[in-house]
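Chains as they are written, first to last, in the working numbering: chain C, 51 to 283; chain P, 51 to 283.
In what follows, a structure is listed as structure tokens, so that the remarks can point back to it.
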DNA sequence: GGTCGTTGTTTCGACATCGATATAACCGAA
DNA sequence: TTCGGTTATATCGATGTCGAAACAACGACC
């Protein structure tokens, strides 16, 4: 079974949500210069485009400067509000994209202490501090590869002097070199190796290869988990 | 205008996508012990529930062990496949949730070098390495607060010995203390201060307060951006 | 083996969504 | 004044979604 996590991003305001299709519409308007040709270029009906623009403006404010009549019959241009909205959407979409495509390490453990949503989880490799909204008992922590920092064992700051206080010494058990980005698997005593995404640059500077000793560290606030099993929902 | 980035998470397989409603359905089946009462408890029709389960099983494999006849008329239980799927969904949803709710710092800069999707961006505070899929010229980088590590200036490893090679010295210009988590704003010479999410614990250990000197660092692979303006799309 | 209660399955119709189409209003330019 | 291309609005029909209800299957119990 080939499963793939994915998402639909949108920006909500006032009950109306601006999604990818709306973004495509606004982009097309910007590109084509009119609602009519924009809808046409997207293979969608003009009626829908017009309806939707009105609907969006109701929630987000003026988005499209419309002009009818005149030379060429008129046309439409985007307001700066619309452009800011597009940029904001693109940014959040890029962030979500990162989460969806980047490998994660799943760590199974048990909550032994809770302080608000900050918990201490007991794992085979030691205690890990993480964010778990609620629940109790067994948890699955999701550690994203881009949140894991690798450092040279000889020059790793003491935990008291950094905000990344989840620290584990381990050995590299796998290197998957990409064009510019490498995926490093580090065994730290957990069931699965911890995956870390680093630039090829960093890999060379740290001299990482199979068998290398390295320290992996990650922040508690970047480690999110969900209670599984005997949760109190 | 109050805008809020949000998302719909789902897990795709074979063209079919398992979304939040499907998860609610499976949860209800697990809780109620039958499709019938599950649908009822969700206020949805039984027909839909049954159809949907078949559809999902077509793509994901056996999810619901159905039993009809017998004492009590029968019932349904989830397979381990279904439970794993639920856990996987919850994990990715939690990750997305983090992206959606956590503050980000928007950094505007200009691409001065590109090597695959790895770029060097020129900013008022200096060069930043980041991931930008494509485009050119002006970019907006999105730096998530939970990806920023703070370290004591006196005990910060040299860049060659860590994979977090975006480093900037700065001063704390704002501390927003929560119950267990603090949001630290650090001025590093950019238009906006960089936001970092750290545990209260870390804040105390590092002695962070307004005016404190601190080093912020973050990985290139955790810094995603989008080209804006003269992009070649 | 028949009965009975519960569940799984299928069919049908109501409802919302969306596209296609038609029409009116608009305004600069020829 | 006419023309041309656009935006704004209303209506109709196709399509897909969903719920209600009828239908079929199952197995313990009598």
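The beta carbon of each residue, even a glycine, is placed where N, CA and C say it ideally should be.
This one's a predicted model, so the numbers in the text were calculated from it and none came from an experiment.
**Report entry** Assigned secondary structure, residue 130 of chain C (DSSP; H/G/I helix, E/B strand, else coil)
**Finding:** In the structure shown, residue 130 of chain C sits in a helix (DSSP, three-state: H, G or I).
Query - First and last residue of the uninterrupted alpha helix (DSSP H) at residue 190 of chain P - result: Annotation for residue 190 of chain P: no alpha helix (DSSP H) segment contains it, though the beta strand (DSSP E) segment containing it runs 188 to 194.
**Report entry** residue 151 of chain P versus residue 146 of chain C - alpha carbon distance
**Finding:** Approximately 12 Å, taken between the alpha carbons.
Query - Continuous alpha helix (DSSP H) stretch holding residue 256 of chain P: start and end - result: 250 to 256 is the extent of the alpha helix (DSSP H) around residue 256 of chain P.
Query - For residue 266 of chain C: DSSP bridge partner residues - result: Bridge partners of residue 266 of chain C: C:200, C:218.
Query raised in the report: Between C:143, C:190, C:86, C:157, which lies nearest to residue 117 of chain C when the distance is taken from Cα to Cα?
Result: It is C:86.
**Report entry** 9 Å Cβ cutoff, residue 190 of chain P in contact with chain C
**Finding:** Yes - at least one Cβ of chain C is within 9 Å of the one on residue 190 of chain P.
Query raised in the report: Using CA coordinates, which residue listed in P:184, P:248, P:258 is at the minimum distance from residue 194 of chain P?
Result: Of the residues P:184, P:248, P:258, the one whose Cα lies closest to the Cα of residue 194 of chain P is P:248.
Report task. Establish whether the CB of residue 200 of chain C and some CB of chain P are separated by less than 9 Å. Result -> Any Cβ of chain P closer than 9 Å to the Cβ of residue 200 of chain C would place that residue at the interface, and such an atom is present.
Report task. Flag residue 57 of chain C as yes if its beta-carbon sits less than 9 Å from any beta-carbon of chain P, otherwise no. Result -> By this cut-off, residue 57 of chain C is an interface position.
Query raised in the report: Taking buried to mean at least 16 other C-beta atoms within 10 Å of its own C-beta, is residue 81 of chain P buried or exposed?
Result: Exposed, since its Cβ has fewer than 16 Cβ neighbours within 10 Å.
**Report entry** Short CB-CB distance (under 9 Å) between residue 243 of chain C and chain P
**Finding:** No, because no Cβ of chain P sits closer than 9 Å to the Cβ of residue 243 of chain C.
Query raised in the report: Using a Cβ-Cβ distance under 9 Å, would residue 96 of chain P count as near chain C?
Result: Chain C contact via Cβ: absent.
Query raised in the report: Does DSSP classify residue 2 of chain C as helix, strand or coil?
Result: The question about residue 2 of chain C has no answer here: the residues shown for chain C are numbered 51 through 283.
Report task. Taking only beta carbons into account, state which residues of the segment 209 to 231 of chain P come closer than 7 Å to chain C, listed in chain order. Result -> Against chain C - using a Cβ distance shorter than 7 Å - the residues of the segment 209 to 231 of chain P are 210, 211, 212, 213, 214, 215, 229, 230, 231.
Query raised in the report: Do we get a CB-CB distance below 9 Å when we pair residue 282 of chain P with the residues of chain C?
Result: Any reading at residue 282 of chain P needs caution, since the residue's pLDDT is 41, under 50, leaving its predicted position unreliable; the model's value is listed next. For residue 282 of chain P, the closest Cβ of chain C is not nearer than 9 Å.
Query raised in the report: Would DSSP call residue 88 of chain C helix, strand or coil?
Result: Helix.
Query - Straight-line Cα distance separating residue 84 of chain C from residue 115 of chain C - result: It is roughly 10 Å from the alpha-carbon of residue 115 of chain C to the alpha-carbon of residue 84 of chain C.
Query raised in the report: Is it right to say residue 227 of chain P is buried, meaning 16 or more other beta carbons lie within 10 angstroms of its own, or is it exposed?
Result: Exposed, because fewer than 16 other Cβ atoms sit within 10 Å of the Cβ of residue 227 of chain P.
Query raised in the report: Alpha carbon to alpha carbon, how far is residue 170 of chain P from residue 181 of chain P?
Result: Going by the C-alpha atoms only, they are around 9 Å apart.
Requested in this report: Please report the Cβ distance between residue 57 of chain C and residue 58 of chain P, rounded to the nearest whole angstrom; I am assuming they are in contact, meaning their Cβ atoms lie under 8 Å.
Outcome: With 8 Å as the limit, residue 57 of chain C and residue 58 of chain P qualify as a contact, their Cβ atoms being about 6 Å apart.
Query raised in the report: Can you find a C-beta in chain C that's less than 9 Å from the C-beta of residue 240 of chain P?
Result: Not closer than 9 Å to any Cβ of chain C, the Cβ of residue 240 of chain P fails to qualify, so no.
Query raised in the report: Around the Cβ of residue 91 of chain P, are there at least 16 other Cβ atoms within 10 angstroms (buried) or fewer (exposed)?
Result: Exposed, since its Cβ has fewer than 16 Cβ neighbours within 10 Å.
**Report entry** Coil, strand or helix - residue 103 of chain C by DSSP
**Finding:** DSSP, reduced to helix, strand and coil, places residue 103 of chain C within a helical segment of the structure shown.
Query raised in the report: Is the Cβ-Cβ distance between residue 126 of chain P and residue 142 of chain C less than 9 Å?
Result: At the C-beta level, residue 126 of chain P and residue 142 of chain C stay beyond 9 Å of one another.
**Report entry** Whole-Å CB distance - residue 238 of chain P paired with residue 208 of chain P, under 8 Å assumed
**Finding:** Actually they do not touch by this definition, with Cβ atoms about 18 Å apart.
Query raised in the report: Are the C-beta atoms of residue 149 of chain C and some chain P residue less than 9 Å apart?
Result: Taking 9 Å as the threshold, the shortest C-beta distance from residue 149 of chain C to chain P falls below it.
Query - Within chain P, partners of residue 72 of chain C - CB distance below 8 Å - result: Neighbours of residue 72 of chain C on chain P: none; closest Cβ ~13 Å, over 8 Å.
Query raised in the report: Start and end of the beta strand (DSSP E) containing residue 18 of chain C?
Result: As displayed, chain C neither begins before 51 nor continues past 283, which places residue 18 of chain C out of reach and without an answer.
Query raised in the report: What are the residues that DSSP puts in a beta bridge with residue 232 of chain C?
Result: DSSP lists C:227, C:248 as partners of residue 232 of chain C.
Report task. Starting from residue 166 of chain C, find everything on chain P with Cβ-Cβ shorter than 7 Å and list it in chain order. Result -> At a beta-carbon threshold of 7 Å, the residues of chain P lying near residue 166 of chain C are 229, 230, ordered along the chain.
Query - Where residue 147 of chain C sits in the DSSP three-state scheme - result: Residue 147 of chain C sits in a helix when the DSSP states are folded into three classes.
Report task. Run down chain C in chain order and give the residues with a C-beta less than 7 Å from the C-beta of residue 271 of chain P. Result -> Result: 196, 231, 247, 248, 249.
Query raised in the report: Given that residue 252 of chain P touches chain C, what residues does it touch there, using C-beta distances under 7 Å?
Result: Chain C residues near residue 252 of chain P: 213, 215.
Query raised in the report: At a Cβ cut of 9 Å, what residues of the segment 134 to 146 of chain P count as close to chain C, listed as they run along the chain?
Result: Within the segment 134 to 146 of chain P, those residues whose Cβ lies closer than 9 Å to any Cβ of chain C are, in chain order, 135, 136, 137, 138, 139, 140, 141, 142, 143, 144, 145, 146.
Report task. Assess, as a yes-or-no matter, whether the segment 253 to 263 of chain P is touched by the segment 210 to 222 of chain P under the definition of 3 or more beta carbon pairs within less than 8 Å. Result -> Taking 8 Å as the limit for Cβ pairs, the verdict is that the segment 253 to 263 of chain P does touch the segment 210 to 222 of chain P.
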